[in-house]
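Visitor:
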């Protein structure tokens, strides 16, 4: 079990800024080119500084600058609609994003419900898939995320889902390499503006730095921890079973984490990162065999959502965390068998 999620964050709407790394990189290239043509060392140094800033900005964006906080430490419950193993829908440099992801049909809704029907009948979890004024007010679009079930898809209907991500460590680990190597890269690029060394020295230095970065980055890329279900859920629970082709069934899963808007995609809300997940069993009436009415949603909230989410949330209560950290609570089998004694009180 790994806790890669600790490396990631989201930003309040007021602090969100679009990715500027590309603009910084272009500025860096222009400054270095000017320095090389004119022999102006200062321009080369400035270009190198912009390159370092571009790398740090890119990593900040990938770590969470692209995620707008909607609510932190929140709970959601739904049926598994689809499971996406690490790298299954990515290629090339996109594989740097090594998250394990899955999609939920929010309970107690059916797969043949439209997004508007889900939101209209559900004042509890409907917000998770609804566009938020905190986001649209920034001029960002919302397209939502959906899954098509073959047996009910001939009419073009797609089921609106809540996307959930279990973080891997690759972005964090590779970014450490990129940040460290951005400094020698900037120095090598600045050599271009030194009249005596000129372009040849510049190119040789950049080539050397590129080779070293590629070797170290490749090793870290291969050795990093990919996101896994066992990072947030008891491995004894087994794999996640999605709904069938008609959108029926599927494991019911409770997740807890940060509810965010991901500006790195076309625009949708998701749980990113998940910090806890567990399978639960609910009454058949909440399994989405028919479209959910407001009364059914109210019953689900009262009988399932509130009690389950309340109990799971207690694990993050500061007082509970303190108690769990005490030596006397460090037993695993039973206090009388492998219990730890409290340290003596020094007066």
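Numbering (the numbering used here), first residue to last: 90 to 436. From the three backbone atoms N, C-alpha and C, an ideal C-beta is built for every residue, glycine too. Here the structure is a predicted model, which means the values were calculated and not measured.
Would you identify the three-state DSSP class for residue 158, choosing helix, strand or coil?
Guide: Reduced to three states, the DSSP call for residue 158 is strand.
Visitor: Is the Cβ-Cβ distance between residue 196 and residue 353 less than 8 Å?
Guide: The answer is no: Cβ separation not under 8 Å.
Visitor: Pull up the distance between the alpha-carbon of residue 121 and that of residue 172, whole angstroms please.
Guide: One C-alpha to the other measures close to 46 Å.
Visitor: Between which two residues does the alpha helix (DSSP H) harbouring residue 113 extend?
Guide: 110-127
Visitor: Check residue 137 in the structure and name its three-state DSSP category.
Guide: The three-state reading of DSSP puts residue 137 in helix, counting H, G and I together.
Visitor: Quick check on the DSSP output: what are the complete alpha helix (DSSP H) runs of length 4 or more inside the stretch 224-283, in order along the chain?
Guide: As far as the stretch 224-283 is concerned, its whole alpha helix (DSSP H) runs of at least 4 residues are 259-279.
Visitor: For residue 350, list the residues DSSP reports as bridge partners.
Guide: Per DSSP, 157 and 358.
Visitor: Pull up the distance between the alpha-carbon of residue 280 and that of residue 301, whole angstroms please.
Guide: 18 Å
Visitor: Between 398, 240 and 375, which lies nearest to residue 387 when the distance is taken from Cα to Cα?
Guide: 375
Visitor: In whole angstroms, what is the alpha-carbon distance linking residue 174 and residue 189?
Guide: The straight-line gap from Cα to Cα measures roughly 5 Å.
Visitor: Taking only three categories from DSSP, how would you classify residue 52?
Guide: No answer is possible for residue 52: the residues shown for the chain start at 90 and end at 436.
Visitor: From the DSSP output, which residues share a beta bridge with residue 189?
Guide: 255
Visitor: Give the DSSP bridge partners of residue 171, in chain order.
Guide: 192
Visitor: Compute the beta-carbon to beta-carbon distance between residue 362 and residue 379, rounded to the nearest angstrom, for a pair I have assumed lies under 8 Å.
Guide: The Cβ separation is near 33 Å, so there is no contact.
Visitor: Evaluate residue 299 with the Cβ neighbour count: other Cβ atoms within 10 Å of its Cβ, from every protein chain shown; 16 or more gives buried, anything less gives exposed.
Guide: exposed
Visitor: Residues in its own chain within less than 8 Å of residue 390 by CB, not counting five upstream and five downstream?
Guide: 213
Visitor: DSSP state of residue 343, grouped into three classes?
Guide: strand
Visitor: Which first and last residues belong to the alpha helix (DSSP H) in which residue 207 is found?
Guide: 204-210
Visitor: Can you pull the DSSP bridge partners for residue 298?
Guide: In the DSSP output, where bridge partners are listed per residue, residue 298 has none listed.
Visitor: So, under 8 Å CB-CB, residue 283 and residue 126 are touching, yes? Tell me the CB distance rounded to an integer number of Å.
Guide: Not really, about 13 Å apart at Cβ, beyond 8 Å.
Visitor: Under a three-way DSSP split, which group does residue 311 fall into?
Guide: helix
Visitor: Where do the N-terminal and C-terminal ends of the alpha helix (DSSP H) with residue 396 fall, by residue?
Guide: 395-402
Visitor: How many angstroms separate the CA atom of residue 335 from the CA atom of residue 238?
Guide: 6 Å
Visitor: Cβ of residue 218 within 7 Å of any heavy atom in the ligand MG?
Guide: With respect to small molecules bound, the structure shown includes none, and the ligand MG cannot be examined in it.
Visitor: For residue 260, which residues of its own chain have a beta-carbon under 7 Å away from its beta-carbon, when the five flanking residues on both sides are left out?
Guide: 151, 152, 185 and 186
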